[in-house]
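Trainee:
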DNA sequence: TCTGGGGTCCTAGGACCC
DNA sequence: TCTGGGGTCCTAGGACCC
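In this note's numbering, the protein residues as written are 742 to 1157.
See below:
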């Protein structure tokens, strides 16, 4: 069997690049990528973290995910712009359309990453040439730069695209692993996060090469199946297929950091309703019902989260049914301390085609029709065209988590 | 006026059944 | 007289990704 040939395409500083291109196209004189700049959430509503940064901003030591105030201390003249998810989806769609011209075996991995199975070109064309074609074409037609990694599996292609940025193509074939990947610090390996790197460094494992050559038995004993997974990754072993049709959605959720601390039950319930509104609508748009409902709470004082979930007997897609369970879950779980963040998540999804009515319930029929009517009005006239009256004077957003106009918003997957 | 929001998968422990 | 052991389901929490 012939070796596979996989490309991993990664947009450089995606959110910031998308914004920069958009501004240039609308007459801006300055390219955000050339100055210290960042996409950052609003500090006033306590969403103030860095979502993406320019290369000049990176030179100040600014990191993605760090609080904006901290970034401003490192670089007082940092230019920040708010996030614009609708724009990112447009850029994402344009990227995917362009890549599809090269292969239909394409896996959308996130808003700014794709895997491509390019095995078809092997023999006739040189992989590097094709990759550079793609890179140049994206730059010319879409205005942003990408880094492309080339290898025989997804893991190595992904690690490869990190080797050189921005606007670059790198190979990381299995025979190049000892030379190109093993010298890197252990944190650079996909799936080694802060908790694992801490454990590994205590074991004297500091580079990817250290891990690759470590005793697998000891690793499995200490880190269970996780140890085996990252040991294989360190050795470049990974053989999952390109999932072109997109994986089954497992669950969906909505959460928010409230712009003030929530200290009473009624307010918490209101926030939960605003979260459930969009979850319910997304369920119905996707044609799903859920059977597990979960509420999560993050305390203001120590930022510790806890959660409570329930499995219900009859799958539902009704906003009010999900909300009813969320209120109950919240009341059972809340420890009474001020709340910073609330979340709702539904899972164990099943198709709503095969309706199974456990009881024939008139109220249920009515509820279903009401949900559908509201969905249709919101889709036609905008999400805020219909709003529950109890939000009017509450100071809270009636819908939390914004509705994407594209219901098939790409799912970010953590496992290749 | 410290640290977002959207996901997936794994594991541990308890309940329950045979 | 006994306190075995396997299997499954459920829940909470932790790990990772972008």
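Ideal placement from N, C-alpha and C gives every residue a C-beta, glycine not left out.
(1) Who pairs with residue 991 in a beta bridge, going by DSSP?
(2) For residue 1050, list the residues DSSP reports as bridge partners.
(3) Counting only the same chain and skipping the five closest in sequence on each side, list residues whose C-beta sits under 6 Å from that of residue 835.
(4) For residue 1059, which option in 1036, 1076, 1106 and 856 has the closest C-alpha, if you only look at C-alpha atoms?
(5) My assumption, with CB atoms under 8 Å, is that residue 1140 sits in contact with residue 1011. Please give the rounded CB distance.
(6) What residues in its chain sit with their C-beta under 6 Å from that of residue 787, if we drop five residues either side in the sequence?
(7) What do you reckon, are the CB atoms on residue 902 and residue 751 nearer than 7 Å?
(8) Where does residue 831 fall in DSSP's three states?
(9) Using the beta-carbon count (16 or more within 10 Å), is residue 983 buried or exposed?
(10) Answer yes or no: do residue 977 and residue 897 have a C-beta to C-beta separation smaller than 7 Å?
(11) For residue 1130, is the classification buried or exposed, using 16 other Cβ atoms within 10 angstroms of its Cβ as the cut-off for buried?
(12) Using the Cα positions of residue 782 and residue 791, report the straight-line distance between them to the nearest angstrom.
(13) Would you call the CB atoms of residue 700 and residue 952 closer than 7 Å?
(14) Could you name the residues of the same chain whose beta carbon sits closer than 8 Å to that of residue 1116, not counting the 5 residues immediately before and after it, in chain order?
(15) Going by CA-CA distance only, name the one from 892, 980, 1075 and 1054 that's closest to residue 1034.
(16) List in chain order: all unbroken alpha helix (DSSP H) runs of 4+ residues lying wholly within the region 761-830.
(17) Taking the alpha-carbon of residue 949 as reference, which of 908, 964, 965 and 918 has the nearest alpha-carbon?
(18) Take residue 987 as the anchor and find which of 769, 802 and 845 has the nearest alpha-carbon.
(19) Can you check which of these residues, 1128, 1032, 1067 and 1072, is closest to residue 1093 by C-alpha distance?
(20) Can you check whether the CB of residue 747 is closer than 7 Å to the CB of residue 894?
(21) Pick out whichever of 1087, 861 and 1040 has its Cα sitting closest to the Cα of residue 1029.
(22) For a test of the three-state rule: what should DSSP assign to residue 859, helix, strand or coil?
(23) Using the three-state DSSP reduction, which class does residue 1132 fall into: helix, strand or coil?
(24) Would you give the residue range spanned by the beta strand (DSSP E) that residue 748 belongs to?
Mentor: Here's the rundown:
(1) Residue 991 pairs with nothing; no bridge assigned.
(2) 1035
(3) 883
(4) 1106
(5) Going by Cβ atoms, the distance from residue 1140 to residue 1011 rounds to 12 Å, so no, they are not a contact pair.
(6) 998 and 1000
(7) yes
(8) helix
(9) buried
(10) yes
(11) exposed
(12) 7 Å
(13) Since the displayed the chain opens at 742 and closes at 1157, residue 700 lies outside it and no answer follows.
(14) 1022, 1025 and 1026
(15) 1054
(16) 796-799 and 809-815
(17) 918
(18) 845
(19) 1032
(20) yes
(21) 1087
(22) coil
(23) helix
(24) 747-752
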